[in-house]
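Chains as they are written, first to last, in our numbering: chain A, 0 to 323; chain B, 1485 to 1808; chain C, 14 to 316.
We put the CB at the ideal spot given by N, CA and C, even for glycine.
A quick write-up on the structure given underneath.
If you want it as structure tokens, here you go:
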């Protein structure tokens, strides 16, 4: 089956006063219909910019300088701005990290929901839009949605607001939702609920989901495939169990080592020494080389290309971790 | 809350009382009113009669007491020049001043907000830089001189607009105003623009600062991610957020427009209370001076009270926001 | 954190001297130009009797026959009037030079006295606190809630016009701005260790305020002072134009503009316009200098 989203060698650079910042530099991955893919990386790795690039919402001085974003066969990077705008919110929706900041504080929930429907289909009446909005609120588990529609965002808690954002993203039954750290700003107890609900919703509506997070543990539970991003590149991607079970990239291995888990009880957690190199001034070789325990002389000179492994994993490393 | 309003109201009454004392004592102790009021050629009997009639033979504190008692009954003395009650003269001219101030306020808001938003959206464009340079000039130019330039240009050189008076007035819905006739509109335009210039500059600055802050908010990006048109993002999501504080600030500065209208009314011979007070100061028409000052202080104390109460009413929402 | 940088900034200027100050200031070419223009205006104002082509108030040289000559005219004696003459035959250029002298003099004098009065009240309010502080700041708040033009009108309506009265009115209008700025920065300084140390040495209050707190509050006061002086000049011009400020014997720019206003309708624009342009250039250049100083002293904009 053809993937719903096929990102090929995406490059998004920021042209700042102090130089060209390569936030996304050669990212390729695919998402099938109804599939959940996790995009994992620390802050500044380019994972959010990847999400915004797909929606065509990269702010100046940034812009997409290379690659293709094939959505249902159409290259989004070549579409005129108005066509992408029509795509946004109807075929591809997005959920943001901080629910406190994503809803407009001076507009009623109702306005913010119905406008998302009517902007894409002006034939929908005000009442019909209101009914669909109410149903969407009910679907994400908000009680007495009729009343809540009239409220302003500040009358909701953080978890409730994120549910509203999810409801808005779901309104037009999109084919793909990009969720940028949707649970990071929530309480741990609410996190679990929201993750579970999103998984259920996507399964029910056959919506594909790109889940962007810094927390490998979160996506390990729900996604079918995981992409690990570091300094603007995907260093390792593959099916969930392959990647979690036997990470080959030293960075993935390090990330997994820093997640607390049941069978490692009592042992100190590993940590990855050092810091991410500046994206303005990346080394010619592998960007992880300065923090890598397995670095070779070769790693300093040239960056490893993507290699497809037998177990469907794609890896960028000269000296992969051999699992015992 | 009630205690707060009560306390502030009492303070306002105290300010009003102190101002009345300062104004009365100041006006009555500087110079001998007998010399200023009475024809030097009149005989002794005539002088005595007038002194008795005006109550000038009594001690100052007694005069002040009568002044207070009379003021509460709406009697602020008779104009020496016009021979009519001072309060009546001022109230007669009040509509012209309020009309001018309101029209100026509309000019400032209607032109200032779009210009400021534009400058905020495209801060580096040439047009924006021109707008901002204009607003700096608007802040620096003395109102009276701008008035002179406007008269020279539009009335004397081009002959497009009249430079003095209020023109024809008409009564619509019980409100008599010159904005209901074409002649009146042509008369009000120059003075209103003159009075508005300073406020226009500050609205531009406020709108620009607001736009630059709001445009970076996540909810603007989320609105774009919903696929809304740029027009709707700016006209609804952005504008509604910057309008509330701007209109609050500007509306509450209405009093300063009335104060500054003294200058504009003098330059354009606009028959309002500002021109009346300047003429009264020339003519040493003390009852008019006292009455004007009392009324303007009353207007200001009331406006300031409204400011304080409005801010304290807005406070709970600000507090909720601050905590989260 | 912010106040630490502010303090460090003002101390940096006193230790490494004017060179660093100038390096920071000259980062904005516009501000440098403004400073040059303001310097020239100041020079003209101070040396007006020497740089003016004629003395417009020497009745022996002024001839009513030369009244309302347009710019560039020449009279029978061969004198050229670059900016024309006014209704009494006075050379406009010379009148403007002398007018600048009066306007700047009144503005600077009132600003200086207001600064001293405001700084004393603001610093002492911050230092002593308590009811005294509440009382002083309450008056400041009330006064600042009235527009300056209104305050000045009240004062002049009561006292009548005149040089001293105009200066008194300008001082009464401005002191509150200085008091507010002085108190705000003194509150920050008051709790610093060096003030504690001075207190431990049992130094007198006056000495602590004058020698220790005041020097560290100068930066914001200078900024407020620059911008307020421009404001005072503008306000004085407005009052004089209305005929409520300076008497005809002290012709400031505002008065010159007012005198020319009546000739406006007959098309003799220069009598009003040129003094107005001089006034505008003065105010804008002072404002630009003040804006740059504010940016330099503002810790939030530190690079």
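Can you name the residues of chain B whose CB is closer than 8 Å to the CB of residue i?
i             : result
residue 251/C : 1626, 1627, 1628 and 1747
residue 277/C : 1632, 1635, 1636 and 1640
residue 134/A : None at all; the shortest Cβ gap to chain B is about 18 Å.
In or out: residue i buried (at least 16 other Cβ within 10 Å) or exposed?
i              : result
residue 1805/B : Any reading at residue 1805/B must be qualified, since the residue scores a pLDDT of 40, below 50, and its modelled position is unreliable; no value is offered.
residue 1719/B : exposed
residue 171/C  : buried
residue 87/C   : exposed
residue 319/A  : buried
residue 205/A  : exposed
residue 58/A   : exposed
residue 236/A  : buried
residue 35/A   : buried
residue 190/C  : buried
residue 245/C  : buried
residue 299/C  : buried
residue 1556/B : exposed
residue 21/A   : buried
residue 62/C   : exposed
residue 288/C  : buried
Quick one: list the residues of chain B neighbouring residue i, beta-carbon separation under 7 Å, in chain order.
i             : result
residue 105/A : 1724, 1725 and 1728
residue 54/A  : 1709
residue 53/C  : Result: empty, since nearest Cβ-Cβ is about 18 Å, beyond 7 Å.
residue 282/C : 1636
residue 101/A : 1702, 1703 and 1706
Using C-beta distances below 6 Å, list every residue in its chain close to residue i, excluding the 5 sequence neighbours before and after it, in chain order.
i              : result
residue 193/C  : 153
residue 250/C  : 266, 267 and 292
residue 201/A  : 208
residue 250/A  : 229, 234 and 287
residue 1607/B : none
Using a cut-off of 8 Å between C-beta atoms, extract the partners of residue i located in chain A.
i              : result
residue 1711/B : 84, 85, 86, 87, 88, 89, 115, 118 and 119
residue 1811/B : The shown model of chain B, from 1485 to 1808, leaves out residue 1811/B, and the question about it has no answer.
Does the Cβ-Cβ distance between residue i and residue j come in under 8 Å?
i              : j              : result
residue 104/C  : residue 272/C  : no
residue 64/A   : residue 119/A  : no
residue 1560/B : residue 1571/B : yes
residue 1761/B : residue 1563/B : no
residue 1507/B : residue 1778/B : yes
residue 1620/B : residue 1603/B : no
residue 162/A  : residue 140/A  : yes
residue 1601/B : residue 1732/B : no
residue 269/C  : residue 107/C  : no
residue 201/C  : residue 307/C  : no
residue 1711/B : residue 52/A   : no
residue 1765/B : residue 257/C  : yes
residue 227/A  : residue 43/A   : no
Starting from residue i, find everything on chain C with Cβ-Cβ shorter than 8 Å and list it in chain order.
i              : result
residue 1766/B : 256
residue 1750/B : 255
Between residue i and the rest of its own chain, which residues show a CB-CB distance below 7 Å, the 5 nearest in sequence each way excluded?
i              : result
residue 238/C  : 124 and 128
residue 1628/B : 1747 and 1751
residue 180/C  : 119, 122 and 123
Can you pull the chain C neighbours of residue i, defined as C-beta to C-beta under 7 Å?
i              : result
residue 1740/B : 160
residue 1510/B : 171
residue 1499/B : 155
Might you give, ordered along the chain, the residues of its own chain that have their beta carbon closer than 8 Å to the beta carbon of residue i, omitting 5 neighbours on each side?
i              : result
residue 1644/B : 1638
Hey, quick one: how far does the alpha helix (DSSP H) through residue i stretch, first residue to last?
i              : result
residue 1546/B : 1544 to 1556
residue 114/A  : 108 to 117
residue 1625/B : That residue, residue 1625/B, is in no alpha helix (DSSP H); it is neither H nor E in DSSP.
residue 305/C  : 283 to 310
residue 230/C  : 227 to 254
residue 35/C   : 31 to 38
State the start and end residues of the unbroken beta strand (DSSP E) segment that holds residue i.
i              : result
residue 68/A   : 61 to 70
residue 1655/B : 1654 to 1656
Just to make sure I have the definition right: I need the residues of chain B whose C-beta is within less than 9 Å of the C-beta of residue i. Which are they?
i            : result
residue 39/C : Near residue 39/C there are no residues of chain B at all, since even the closest Cβ is about 20 Å away, more than 9 Å.
Output, in chain order, the set of chain F residues within a Cβ distance shorter than 9 Å of residue i.
i              : result
residue 1678/B : In the structure shown, chain F cannot be found, because the protein chains are A, B and C.
Using a cut-off of 9 Å between C-beta atoms, extract the partners of residue i located in chain C.
i              : result
residue 1762/B : 166, 255, 256 and 257
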